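Contents: one structure, followed by commentary.
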Amino acid sequence: MLVEILLAGFGGQGVMSTGQLLAYAGMHEGLHVAWIPSYGPEMRGGTANCGVTLSDTEISSPLVTEPQVLIAMNQPSFEKYAGAVVPGGVILYNSALVKETGEYPEVLVVGVDANRMAEEIGNVRVAANVILGAYIGLSGVISVASAVEALKDVLPPHRRKLIPANREALERGAALGAGGGRAVG
Amino acid sequence: MSHLPRVLMKGNEAFGEGAVRAGCRHTFAYPITPQSELAHFLARRLPEIGGVFVQAESEVSAINMVFGAAAAGARVLTSSSSPGISLMQEGISYIAGARLPCVIVNVMRGGPGLGNIAPAQGDYFQAVKGGGHGDYCQIVLAPASVPEIIEMMILAFDLADRYRNPVMVVGDGVLGQMMEPVEIEPGETRTAPAKPWATDGQGDRPAPNIISSLNIVPEDNERFNLDLAVMYAEIRRGEQRCEEYRLDDAELVLVAFGTVARVAKAVVDRARRDGIRAGVIRPITLWPFPEDSVKRAAARADRFLVVEMSLGQMVEDVRLSVEGEKPVHFFGRPGGLVPTVREVCNEVKRITGVMPGAEDVPAATGVDR
C-alpha cells in the first residue's frame, strides 16, 4: 500500500495541520509516513499545500508529484492540481468554494459541502477535517478513531478545546464518505 | 515496529535534536530560510538544558563564535543556508587550520547569489572541495531522511572530535521542511571526549595551550600541511559511507545524495517493474567520497546516471571514481527544482534505449553534461 495525498487551499483553511493530522494518524497505525509542505514565499490568503505519503513499506520519495488523492479546498487549488491526479485516483473538493471544471474520466471526483457542514458544527475552520473525514470514510485508508486520536498531536495544548468540533467534523465527514463510493488507495 | 514513542519532526528540528543528543550545548547562528526552524528549535531548547544559543549579528560573526567555543573545548554548532555558508568560509578555513572540531549545517537553497529559498544541491563543490582558502578538507555528511539527520548529527560531532576537524552536514529545503516520524529517546546524550589541548584555562599545565592557525615559517607550515595530508588520507580510507540499494545485479547505477537519492530509489523501483535492472549508490559521506563502492559497481554495471539538484557537481567525483571504465550520464534540475520520479524514469529509458526513439530526444528539462 502506497498512497500519496495532496492537500491544497487558501492559507488559513487548515490544510497544513489537516495534512499533519493524517500523517500522525497513519503513524499511530504503524504506517510509514511523510509530510511535506510547500514553503515558497507565500502570504496570508495565498495558496498553501502539503503532500502526505502513507505506505506499509519504507517511503522512497516523499515528494507528491503524482497524487492518487487531491483534497482541494478552493478553486485555484482544484484548477492547479486536478489534472495531476493519476488514473484510479480521487479528488475531493470543497463544493462551497469550488466549481468543478474539466474532465477527469478515470478519476472519482467528489464534491463535499465542507463549509456548510463545518458551519453546522459551529466552526467554519474545521471544514478541512470534514473533507479529510470524507476521504477516510471513502477509502478506509486509516480509521476515523486514529484521526481523532491524532488531534491531540496536532492541536497545541491551548487549542485542545477545539477537539470536540474537529472530532465531529471527522466523524460526520467519514459518515458522508462511507456512503460515497468505492475504496481507494 | 519500535516500541519507543514516536513524534513527527521537521528535518530542521531534527538537526537541532541530533545536536542536543550529541551533547552539543553551544550554537551560534543567524536565521535564514529554509533552515530557520533549526535556529528556532535550539534557541528554545538549549537554554532549557543549560546550553547557550546566540543569534549572532551575521554569519561571519557566528562562525568566529564557533571558532572560540571550539577552542575552549565545547561541542559547538552553527547552521545556515547557502548564502550564509558562503560568508562563513574564511572562518571554516581558520578552524581547519587551527585543528578544531565543530559542526556546520547547510540546508541548501537555490543559487547562485541570493537565488531563492527552494531546495538545491549547488553547494556540493563548496562543501567537498574546500570552500575556503588553503589545503584543507572537511568531512561532509548527507542524510536523506529526518531520522537519519539525527543519526548523522551525532556522527558529525563524533567525527569532528575524533579528527579535530570541521564536519559539515548538508541537507536541502525539502529535507529541512519535511516531517517524518522519529523515536523519542529521553535522557540519551553523549559527551565529548577529553580535550587536553583546549584553551580552557591553564590549570595545572606547565604552559598555557595556544590555538592558532598562524604558521609563519613556511617549513613549519609545510610540515603542518603534510600532517593534515596524513590525516585526510586516513579519513579517505576509513570513513567512506554510502547506502547501496538494489545494486547486486544492477546494469544501470544511479548515484544521488540527500533528497534526490530518495527520488532515485523510487525511480529504480519503477524501472525494475519495466524490466530495467537498476540500482542506487547513495553517498552518505560526500567527502570522503565513497569511491570504493563506485569502483566496485563500475566493474559490474554497464553505465551510471548521476542525478543532482544542480548543473552537475558530484558527477565529477563519480567520473573520477569510474575512471572512464563506463559511461557516466547526468540529469539535473538546478536553481531550486527537484527532479520528479517521472522525468528521471524518462531519462533512464532514454539512456538505456528502452523507450523506442527516445535515445535521440534530448532531456526536456534536465542538463546532460
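Line by line, the protein sequences are chains A and B.
Sequential numbering of the first sequence, starting at 1, is according to our numbering.
Sequential numbering of the second sequence, starting at 1001, is according to our numbering.
All residues carry an ideal CB built from backbone N, CA and C; glycine is no exception.
Keep in mind it's a predicted model, so treat the numbers as computed, not measured.
Worksheet item: How many angstroms separate the CA atom of B:Y1136 from the CA atom of B:E1234?
Response: 14 Å
Worksheet item: Under 8 Å between C-beta atoms, does A:G185 make it to chain B?
Response: Because the pLDDT of A:G185 is 31, which lies under 50, any placement of that residue in the model is unreliable, and the question is left without a value.
Item to complete: For A:A34, collect the residues of the same chain with a Cβ closer than 6 Å to its Cβ; drop the 5 residues on either side in sequence, then sort them by chain order.
Response: Excluding sequence neighbours, A:A34 sits near T53, I59, P62.
Discussion item. Tell me which residue opens and which closes the beta strand (DSSP E) that B:F1330 is part of.
Written reply: 1328-1332
Fill in: Residues of the stretch 1240-1271 of chain B whose Cβ lies closer than 7 Å to any Cβ of chain A, in chain order
Against chain A - using a Cβ distance shorter than 7 Å - the residues of the stretch 1240-1271 of chain B are R1262, V1263, K1265, A1266, D1269.
Practice prompt. Name the residue from A:L162, A:L22, A:V110, A:N129 whose alpha carbon lies nearest to the alpha carbon of A:V3.
Written response: Among A:L162, A:L22, A:V110, A:N129, the Cα nearest to that of A:V3 belongs to A:L22.
Worksheet item: Quick one, which of B:Y1030, B:F1331, B:D1292 has its alpha-carbon nearest B:E1057's?
Response: B:Y1030
Discussion item. Run through chain B and tell me which residues come within less than 9 Å of A:E66, C-beta to C-beta.
Written reply: T1340, V1341, R1342
Worksheet entry | Selected residue, minimal CA-CA separation from B:V1267, among B:L1337, B:V1348, B:S1212, B:R1303 | B:V1348
Practice prompt. Kindly indicate which three-state DSSP category B:S1145 falls into: helix, strand or coil?
Written response: coil
Discussion item. If you measure between the beta carbons of B:G1131 and B:I1092, is that distance less than 8 Å?
Written reply: For B:G1131 and B:I1092, yes; Cβs fall inside 8 Å.
Practice prompt. Between the Cα of B:Y1163 and those of B:P1005, B:R1223, B:E1239, B:G1110, spot the shortest distance and give me the residue it belongs to.
Written response: Looking at the Cα atoms, B:E1239 is the closest of the given residues.
Worksheet entry | Contact list for B:G1173 against chain A, beta-carbon separation under 8 Å | Y39
Practice prompt. Please report the Cβ distance between B:Q1177 and A:P37, rounded to the nearest whole angstrom; I am assuming they are in contact, meaning their Cβ atoms lie under 8 Å.
Written response: 6 Å
Worksheet item: Taking DSSP as the reference, what is the three-state secondary structure of B:P1283?
Response: strand
Worksheet entry | Beta-bridge partners of A:Q20, as assigned by DSSP | Paired residues: none, contrary to the question.
Worksheet item: With 8 Å set as the bound, which would you pick, yes or no: does the beta-carbon of B:P1362 sit closer than that to a beta-carbon of chain A?
Response: Note that B:P1362 scores 43 on pLDDT, short of 50, meaning its location in the model is unreliable and no value can be drawn from it.
Discussion item. Please classify B:V1306 as buried or exposed, where buried requires at least 16 other C-beta atoms within 10 Å of its C-beta.
Written reply: buried
Item to complete: Tell me, please, whether the stretch 1308-1328 of chain B touches the stretch 1110-1128 of chain B by the rule of three or more beta-carbon pairs shorter than 8 Å.
Response: The answer is yes - the stretch 1110-1128 of chain B touches the stretch 1308-1328 of chain B, with three or more Cβ pairs under 8 Å.
Discussion item. By the DSSP assignment, the beta strand (DSSP E) with B:N1225 in it spans what residues?
Written reply: Element bounds for B:N1225: not the beta strand (DSSP E) but the alpha helix (DSSP H), 1218-1238.
Practice prompt. Assign A:P37 to one of three DSSP states: helix, strand, or coil.
Written response: strand
Practice prompt. Check the DSSP bridge columns for B:D1274 and list the partner residues they point to.
Written response: Its beta-bridge partners do not exist; DSSP assigns none.
Discussion item. Can you look up B:I1210 in the DSSP assignment and give me helix, strand or coil?
Written reply: coil
Worksheet item: Are the stretch 145-155 of chain A and the stretch 109-125 of chain A touching, with three or more C-beta to C-beta distances below 8 Å?
Response: Because the criterion of three Cβ pairs below 8 Å is not met, the stretch 145-155 of chain A and the stretch 109-125 of chain A do not touch.
Worksheet item: So, does the CB of A:A25 fall closer than 8 Å to a CB anywhere in chain B?
Response: Not an interface residue.
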